[in-house]
Amino acid sequence: MPISGKIIPMPKLYLETVGCQMNVLDSELVVGSLRRHGYELTETTDDADVIFFNTCSVRQHAEDKIYSALGRLRNHKNKFPDAIIGVLGCMAQKDQDLIKKRAPHVDIICGTGQLAQLPTLIKDARDTGALQIALSLDRTESRHEVERSFESYDPMRDPSMRPNRFQAYVRIMIGCDKFCTYCIVPSVRGPEQSRHPEQIAAEVRQLADEGVKEITLLGQTVNSYHHGSSRLSDLLARIHDTAGIERIKFITNFPKDMTDDLLQAVRDLPKVCPYLHVPAQSGCNEILKRMKRMYTVEFYRDMLSRCREIVPDVAISSDFIVGFCGETEESFAKTCDLVGEAKFKNSFIFKYSPRPGTRGHELYDDDVPEEVKKRRNNDLLAIQNAASLQDHRRYIGQRVEVLVEGPSKNAWKLDANGPLQLTGRTRTDHIVVFDGNPRLAGQTMEIDIDDATSFTLYGKVVTGEQIAVGECCEMPVEIGERIALPLIG
Ligand code: SAH
Ligand code: SF4
Ligand code: F3S
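Structural data, given as structure tokens:
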């Protein structure tokens, strides 16, 4: 309380996030923690007291983006020396020396396991004017920090940071022990560690009490989850009956760990959605071996058949890397064959980006030229887009259940007197766009699908009120209140 009666403004936090869902969740926790210390969010760096970047190192492009943003802040820091600038997350963990060199105006460098220390780090940076560094020293140490961070983060969730009030991520694992040769994640996120099922169940209950209807369980290899004798299938059964939760999804799966008990759980537990993200990375055995993925393409194809046999109508998506070291036209053609046949709902396709600190970078030459990577990326994308369109067209004429997320990105561009374009997702994670009242956000609706592109299904609401013309503009819609989350792709 201000003693003089003068109002002391709340300190302002600007936070930009790149990277995967883990980072999105970490950012939610950082905001939750700083709000408890009196901070409010701001949308620009101009009026921010604290400017944070939650970073990603998975590809060079993600790092370049952050260094450019930091470069732009050099003048800002000269003008406002009291502003605190922090680099958080995976790039902080990986590159403290480089950050110091390329961005000496940074005040805080904080790894993923130390985010709970941020309020103290801000204070110390202010009090001392010296660079504050909080990082894991090695993978053994980070195991303990991870255990602690599971506990310390529990009460810090911040609903305003979520894509919407009805969907939330829940971390069930952290780190990765797979060490695919191209991947930096095991070095920056530390060892694989599964969270206690009791803690997870409690967090799911808390989220349900806050009105969350759909939870997505997160892990780099989520289906490798094991805590004591509890596997992912057991965990799904345990949280399934949480009142208020309507849908349970989980990402990302490792092909080798896609066991029958898990697929049976997906089939038998009605709230668990028939959607599986299982990255293949390549369709060529020589490349898979070089990547140390620990399976062959034959194994992967069998796994796809098993998924489809056990879980009828399951939607499967994948990730691929093109232009990995040693990838010939012949090996790339095998990847094209896999994507052409596998009927993935969608695939995320990446050009190989060599990561210093990985086995791949040490062992192999980055011998596929950039133009070839680009061409292969486009070619594979074209094959996947055709497959996605085919998959999507199957839904035309069908009625699907959609959890309404809110106005679609283009909603405000529509005629002010027209109905609002809403977006939502099916249980198979297909995006559906339809006209409706923004008040429907958070509701589960039946939609009749009447059109489809490679990316989107279009349809009409079956049940519930249709929006009256002109009514939509009177609705209070909570969009634009969150900060943007420019995820890397
Ligand atoms: N844990 C997840 C994915 C983590 S990273 C899994 O195992 O599937 C997300 C995706 O980024 C990966 O699936 C991979 O396709 C891609 N990726 C990882 N390292 C990369 C690199 N060095 N260059 C290009 N893409 C990469
Ligand atoms: Fe990276 Fe492989 Fe671990 Fe996924 S499983 S995070 S690709 S090392
Ligand atoms: Fe995620 Fe990028 Fe880190 S993909 S784990 S934020 S390196």
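Residue numbering for the sequence shown follows this note's numbering, beginning at 3 and increasing consecutively. We put the beta carbon where it would ideally sit given N, CA and C, even for glycine.
Residue i versus residue j: straight-line alpha-carbon distance, rounded
i, j, result
"S189", "K291", "20 Å"
"Y69", "A105", "8 Å"
"A317", "N77", "49 Å"
"M12", "F55", "20 Å"
"S232", "G113", "29 Å"
"K336", "T330", "10 Å"
"F346", "K273", "22 Å"
"G2", "D381", "Residue 2 lies beyond the range of the chain shown here (3 to 491); nothing can be said about it."
"E194", "I289", "24 Å"
"G492", "I433", "No answer is possible for residue 492: it lies beyond the span of the chain, which begins at 3 and ends at 491."
"I86", "H39", "15 Å"
"G342", "D431", "21 Å"
"I124", "D393", "49 Å"
"E332", "G325", "12 Å"
"T244", "E364", "47 Å"
"Q468", "T428", "Note that Q468 scores a pLDDT of 44, beneath 50, so its modelled location is shaky; the value from the coordinates is reported in the next line. Each residue's alpha carbon lies about 19 Å from the other."
"E483", "M305", "Residue confidence is low: E483 scores 25 on pLDDT, short of 50, so the model does not pin down where it sits. Its coordinate-derived value is still stated next. Those two C-alpha atoms are separated by around 42 Å."
"S319", "I110", "37 Å"
"I9", "R74", "32 Å"
"R310", "V26", "31 Å"
"I101", "T298", "39 Å"
Residue i CB to nearest heavy atom of the ligand F3S below 8 Å
i, result
"M163", "no"
"R191", "yes"
"I289", "no"
"A2", "Coverage of the chain is limited to positions 3 through 491, which leaves residue 2 absent and any answer about it impossible."
"C92", "yes"
Neighbour flag for residue i against chain D, beta carbons, 9 Å
i, result
"T261", "Judged by its chain identifiers, the structure shown contains no chain D, having just a single protein chain."
Near the ligand SF4: residue i beta-carbon under 8 Å from a heavy atom
i, result
"F181", "yes"
"T223", "yes"
"V324", "no"
"V280", "no"
"P272", "no"
Any non-hydrogen atom of the ligand SAH within 8 Å of residue i CB
i, result
"V60", "yes"
"C309", "no"
"G362", "yes"
"S371", "One point to set straight first is that residue 371 is Pro, not Ser, in the sequence displayed. Every heavy atom of the ligand SAH is 8 Å or more from the Cβ of P371, so no."
"S29", "no"
"L358", "Note on identity: in this sequence residue 358 is Pro, with Leu being the wrong assignment. P358 Cβ: outside cutoff for every heavy atom of the ligand SAH."
Cβ-Cβ separation, residue j to residue i (assumed contact under 8 Å), whole Å
i, j, result
"P121", "L36", "7 Å"
Inset, instruction - Flag this pair as touching only if the region 250 to 259 and the region 219 to 226 have three or more C-beta atom pairs under 8 Å; answer yes or no. - result: Taking 8 Å as the limit for Cβ pairs, the verdict is that the region 219 to 226 does touch the region 250 to 259.
Inset, instruction - Could you tell me whether the region 275 to 285 touches the region 230 to 245, using the rule of 3 or more Cβ pairs below 8 Å? - result: Taking 8 Å as the limit for Cβ pairs, the verdict is that the region 230 to 245 does not touch the region 275 to 285.
Inset, instruction - Enumerate, from N- to C-terminal direction, the unbroken beta strand (DSSP E) stretches of 3 or more residues contained entirely within the region 21 to 61. - result: Positions of the beta strand (DSSP E) runs, each at least 3 residues long and wholly inside the region 21 to 61, are given as 52 to 57 in order along the chain.
Inset, instruction - Can you check the region 326 to 380 for any alpha helix (DSSP H) of at least 4 residues that lies completely inside it and give the ranges in chain order? - result: Qualifying alpha helix (DSSP H) stretches, in chain order: 331 to 344, 361 to 365.
Inset, instruction - Let me know the alpha helix (DSSP H) ranges lying completely inside the region 61 to 115, each 4 residues or longer, listed in chain order. - result: DSSP runs (the alpha helix (DSSP H)) wholly in the region 61 to 115: 62 to 74, 76 to 81, 92 to 96, 98 to 104.
Legend entry - Cβ contact (3+ pairs, closer than 8 Å) linking the region 73 to 87 and the region 370 to 379: No, they do not touch.
Inset, instruction - Please confirm if the region 43 to 59 is in contact with the region 19 to 33, defined as three or more CB-CB distances below 8 Å between the two stretches. - result: The region 43 to 59, when compared against the region 19 to 33, does touch it at the 8 Å Cβ threshold.
Legend entry - Segment contact, 8 Å Cβ cut-off, at least three pairs: the region 437 to 452 with the region 396 to 408: Yes, the region 437 to 452 is in contact with the region 396 to 408.
Inset, instruction - List in chain order: all unbroken beta strand (DSSP E) runs of 3+ residues lying wholly within the region 428 to 460. - result: Segments of the beta strand (DSSP E) lying fully in the region 428 to 460: 433 to 438, 446 to 454.
Inset, instruction - Would you list, in sequence order, the uninterrupted alpha helix (DSSP H) runs of no fewer than 4 residues that lie entirely inside the region 213 to 275? - result: Those alpha helix (DSSP H) runs which fall completely within the region 213 to 275 and span 4+ residues are 234 to 242, 262 to 270.
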